[in-house]
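Going by this note's numbering, the first residue of the sequence shown is number -11, and it counts up by one from there.
Following: one structure in structure tokens, then a few remarks.
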Amino acid sequence: MADREGALEEEGNCADEESEILDLEGQGLTSIHLPGNVQPKTLILDNNDLTKLDGLNVCPDLCQLSAVNNHIVHMTGLHLLNCLTVLSLSNNSIGVIEGIEGLAQLTWLDLSSNSIKVMENLPKGGQLHYLDLSDNDITHISDLSTLNNLKTLLLHSNNISSLKTVPACLPQSIGVLSLADNSIYDLNEISYLSSLPSLQQLSISENPCVLEPSNSRYPFMSSGSREACSSVNF
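Laid out in structure tokens, this is it:
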């Protein structure tokens, strides 16, 4: 699975020799004030004390933004960043996904370790292929069917109890799906994943349905479903 560092180096058209990187990690920043003559393509704001992302309007050509481990509550200030391809806001205090619906160039999004309850307001029909919503407060899988290029979806460490919405809500492009450490009690729920023909890697470990010693390692899944998924982590 991709990591943030790899994404910041490789994604989009910004990883070339002319790209300008502005690294403000660990500066104790409480707000963003960038000089008007600075036009970075990559901006790193990790490990500061930011509560919001206002002030990014001076960077209309920004392609990659990382603000991991701050105190950000609202995702305001992102809607004008139309060139953004990589966005990492892991380990903040975000409760609602907002401000990124129009970011059609976004390919890599990490919102893990926040307080998000609903999978909503994501770029529609865009280029998003990596989405990390792990370690949040999500209770059900919402409609992501318009994310036609989504390859990796990480939902581990949430409160999801049912997979019944998967056939209608998840795009068939998904190849990697992590559902580990959720609240799935009924192993039969896994049958709904047969609607994902491209699925190659699946993790359902640390769910009640596989922690029970009486449950089979390979449930009722049809042979076709098992063959379609090359790696299953129970």
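The C-beta atom is built at its ideal place from N, Cα and C for all residues, glycine as well.
This structure is a prediction, so every number in the text was calculated from the model and none was measured.
Endpoints, alpha helix (DSSP H) assigned at residue i
i	result
residue 199	196 to 199
residue 74	Where residue 74 is concerned, there is no enclosing alpha helix (DSSP H), although the beta strand (DSSP E) it sits in stretches over 74 to 76.
residue 223	The requested residue 223 does not occur in the structure, where the chain is confined to residues -11 to 222.
Close-in-space but distant-in-sequence residues of the same chain around residue i (CB under 7 Å, 5 per side omitted)
i	result
residue 101	78, 79, 123
residue 138	116, 117, 119, 132, 159, 161, 162
residue 81	59, 60, 61, 102, 103
Within 9 Å, strictly: CB atoms of residue i and residue j
i	j	result
residue 60	residue 44	no
residue 108	residue 84	yes
residue 47	residue 26	yes
residue 127	residue 103	no
residue 53	residue 87	no
residue 41	residue 9	no
residue 115	residue 140	no
residue 156	residue 195	no
residue 58	residue 90	no
residue 151	residue 135	no
residue 170	residue 146	yes
residue 163	residue 187	yes
residue 182	residue 159	no
residue 153	residue 129	yes
Beta-carbon proximity list for residue i, same chain, < 8 Å, skipping 5 on both sides
i	result
residue 14	34, 35, 36
residue 125	103, 104, 105, 146, 147
Secondary structure of residue i, DSSP reduced to three states
i	result
residue 29	coil
residue 172	coil
residue 191	strand
residue 181	helix
residue 38	coil
residue 142	strand
residue 44	helix
residue 160	coil
residue 81	coil
residue 10	strand
Start-to-end residues for the beta strand (DSSP E) that takes in residue i
i	result
residue 164	164 to 166
residue 115	It is not in any beta strand (DSSP E) - residue 115 carries neither H nor E in the DSSP assignment.
residue 131	Per DSSP, residue 131 belongs to no beta strand (DSSP E) and is neither H nor E.
residue 122	First-last for residue 122: undefined, no H or E at that position.
residue 98	96 to 98
residue 52	52 to 54
Cβ neighbours of residue i in the same chain (closer than 6 Å, five flanking residues each side left out)
i	result
residue 142	120, 122, 166
residue 99	77, 121
residue 11	32
residue 56	34, 76, 78, 79
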